[in-house]
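So the sequence shown is numbered by our numbering: it starts at 3 and just counts up by one. The beta-carbon is built from N, C-alpha and C at its ideal position, and this holds for glycine as well.
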Amino acid sequence: MILRIISLLFGLFLLSTCQETPRAAADRIRWLPGSTFVEDFTQYSGFLSANDTLNGVTAQFHYWLVMAKQSVQNAPLIVWLNGGPGCSSLSGLFVENGPFRPSQDGKQLNENVYAWNRFSNVLYLESPAGVGFNPQTSTTWDDAKVAQANYFALNDFFTVYPDAGKNGVFLSGEGYASVYVTTLGNVIADNISAGKNTINLQGILIGNGLLSIRKHYNAMIEFSYAKGMNFKEDFDNLTATCCGNDSSPMNCDYYSYDFQNSDCGKMAYAFYTKLQKPEVDPYNIYQECYQLAKNQASANEFYGLELAANYNSSDPFDGFPCFAEDAITNYLQRADVQSEIHVLADQQKPIQWRSCSTLTNYGQQQSGDISIALGRLVNSLIWRQNNLRLLLYNGDLDLSSNHVGAQWFVEALNQQALTNGGDWRFSLNDSLYVGSTGGYYKSFDRQITFATIKGAGHFVPLSRPAQILQLVRNFVTNSTIA
Numbered sequence: 003m004i005l006r007i008i009s010l011l012f013g014l015f016l017l018s019t020c021q022e023t024p025r026a027a028a029d030r031i032r033w034l035p036g037s038t039f040v041e042d043f044t045q046y047s048g049f050l051s052a053n054d055t056l057n058g059v060t061a062q063f064h065y066w067l068v069m070a071k072q073s074v075q076n077a078p079l080i081v082w083l084n085g086g087p088g089c090s091s092l093s094g095l096f097v098e099n100g101p102f103r104p105s106q107d108g109k110q111l112n113e114n115v116y117a118w119n120r121f122s123n124v125l126y127l128e129s130p131a132g133v134g135f136n137p138q139t140s141t142t143w144d145d146a147k148v149a150q151a152n153y154f155a156l157n158d159f160f161t162v163y164p165d166a167g168k169n170g171v172f173l174s175g176e177g178y179a180s181v182y183v184t185t186l187g188n189v190i191a192d193n194i195s196a197g198k199n200t201i202n203l204q205g206i207l208i209g210n211g212l213l214s215i216r217k218h219y220n221a222m223i224e225f226s227y228a229k230g231m232n233f234k235e236d237f238d239n240l241t242a243t244c245c246g247n248d249s250s251p252m253n254c255d256y257y258s259y260d261f262q263n264s265d266c267g268k269m270a271y272a273f274y275t276k277l278q279k280p281e282v283d284p285y286n287i288y289q290e291c292y293q294l295a296k297n298q299a300s301a302n303e304f305y306g307l308e309l310a311a312n313y314n315s316s317d318p319f320d321g322f323p324c325f326a327e328d329a330i331t332n333y334l335q336r337a338d339v340q341s342e343i344h345v346l347a348d349q350q351k352p353i354q355w356r357s358c359s360t361l362t363n364y365g366q367q368q369s370g371d372i373s374i375a376l377g378r379l380v381n382s383l384i385w386r387q388n389n390l391r392l393l394l395y396n397g398d399l400d401l402s403s404n405h406v407g408a409q410w411f412v413e414a415l416n417q418q419a420l421t422n423g424g425d426w427r428f429s430l431n432d433s434l435y436v437g438s439t440g441g442y443y444k445s446f447d448r449q450i451t452f453a454t455i456k457g458a459g460h461f462v463p464l465s466r467p468a469q470i471l472q473l474v475r476n477f478v479t480n481s482t483i484a
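In structure tokens, the structure reads:
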């Protein structure tokens, strides 16, 4: 109760320094049930109109806005999208870069001290219809329709929060959201050119994005061999059969071979099959979530103590990566939580929120490659005139959207390299320790930066929260990456 009162008083103090529109006041979150810390920031949750009359789309997208802890009036705005397609951006809020971490039973919220709202306002947008708390529609979605709907939702957002983006807007996302942010960026740029909006777009951030299925797929061979997941004899035989005399791994296209009727295809398929084991997490090959066999669980009198002692995980986060999805689902399906975030009408049963939903009405897409859409954006007049910038970052333990394929993708954009590459330094705030290597980076023309995060998986803010906070903050504030 004391924490709740302090949080409410702090919220009133913050509100006294700024003005709210009536819709913002209606969407303001007073206090989240189960919070165990003082929420020294304001936050809002509600629905935005994503109606696109030209394409006959009528939709409402749920949003959650977390305001910066400090200097709200001077903070930029990061728009965060998760991918899938079909995954909710609230996973990013509760599992990755938001200020909360749900307890294993979903009853409490603990503080994430590495939240991105330490320096920025962050808008989490659930997209498209049928995802998360978004009402289902009869629309058959594709990438172009989602981009337009996200654009209209963002326009509606700025009618509710007219000052939220005045210090710069950055589109960000993860996985398939690489498609969302790139196509949305093009729609915004086109409308700026046509004089139809004044969104202060400053840049794009893509984390472990689906950039090119072909390149990621081909790079899995190199990645898995380098990580000891396959061995020299198989690797040598495969490359000799598939690559001929071409010594460049970038030019060896296993993806194009027939897996059933060609020698290369059959060997490549066998190579990939070794990687597809249930005990290997393709999103973080070093992450383990240990479970006792069913016939041992009931017989082991210490079973509960093992879980409490963190024997169910190999991570340093008390097993959070292993139970996070269940925890956030349990929390967001609570009626009191849904009422506080304004998604539950009076007398309505709690909505069955899911972190990822199967979108049966989603049509394809960018052919598994965003190079055309991204190339169009970074070569646009708006990009050059407004000095927009792009950060592509990758955890180096992600097998699926691996950093090798991402680097090949960036090189294939044919932008001049401005640096030969090197390590970027991660430093603790207290400066008692010598800075360590956070990862490696390379800069290109058009203000493009490619960076890896050492020891991170697909969900970088989950596995290396402090390092990615520093990297993103330096990028958004246009500070030196290294």
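Asked, Found
"Closest Cα partner of Thr142 within the set Thr479, Gly230, Tyr364 and Ser382", "Tyr364"
"Which of helix, strand or coil DSSP assigns to Tyr163", "coil"
"N-terminal and C-terminal residue of the alpha helix (DSSP H) that Pro24 is part of", "Pro24 to Asp29"
"Helix, strand or coil at Gln204 according to DSSP, with G and I counted as helix", "strand"
"From Asp144, Glu290, Tyr219 and Ala419, residue whose alpha carbon lies closest to that of Phe446", "Ala419"
"Beta-carbon contacts of Ser214 that lie in its chain and below 6 Å, excluding the five residues immediately before and after", "Asp371 and Phe411"
"Separation of Ala347 from Met222, as counted between CA atoms", "47 Å"
"Alpha helix (DSSP H) segment containing Val124, residue limits", "From DSSP, Val124 is part of no alpha helix (DSSP H) but of the beta strand (DSSP E) over Asn123 to Leu127."
"Where Lys234 falls, given that 16 or more other Cβ within 10 Å makes a residue buried", "exposed"
"Cut-off 6 Å between Cβ atoms - residues of its own chain near Leu393, not counting five sequence neighbours on either side", "Leu207, Thr451 and Phe477"
"Leu2 vs Ile455 beta-carbon contact at 8 Å", "Here the chain covers residues 3 to 484 and nothing more, so residue 2 does not appear."
"Touching by the beta-carbon criterion (3+ pairs, under 8 Å), the segment 46–66 and the segment 143–156", "yes"
"7 Å Cβ shell around Arg378 - same chain, five flanking residues per side excluded", "Asn188"
"One or two residues paired with Asn396 in a DSSP bridge", "Thr454"
"6 Å CB neighbourhood of Thr139 in its chain, flanking five on each side removed", "Ala61 and Ala131"
"Closest by C-alpha distance to Asn388, when choosing among Ser195, Tyr395, Val181 and Asn84", "Ser195"
"Distance CB(Arg91)-CB(Leu127) smaller than 8 Å", "The question names Arg, but residue 91 is Ser in the sequence shown. A contact, by the Cβ cut-off of 8 Å."
"Which of helix, strand or coil DSSP assigns to Ala347", "coil"
"Short Cβ contact (8 Å threshold) for Ser359 with Val133", "yes"
"Element boundaries [alpha helix (DSSP H), containing Gln340]", "Ala337 to Glu342"
"N- and C-terminal bounds of the beta strand (DSSP E) containing Trp426", "Gly424 to Phe428"
"Proximity of Gly440 and Gln409 at Cβ, strictly below 8 Å", "no"
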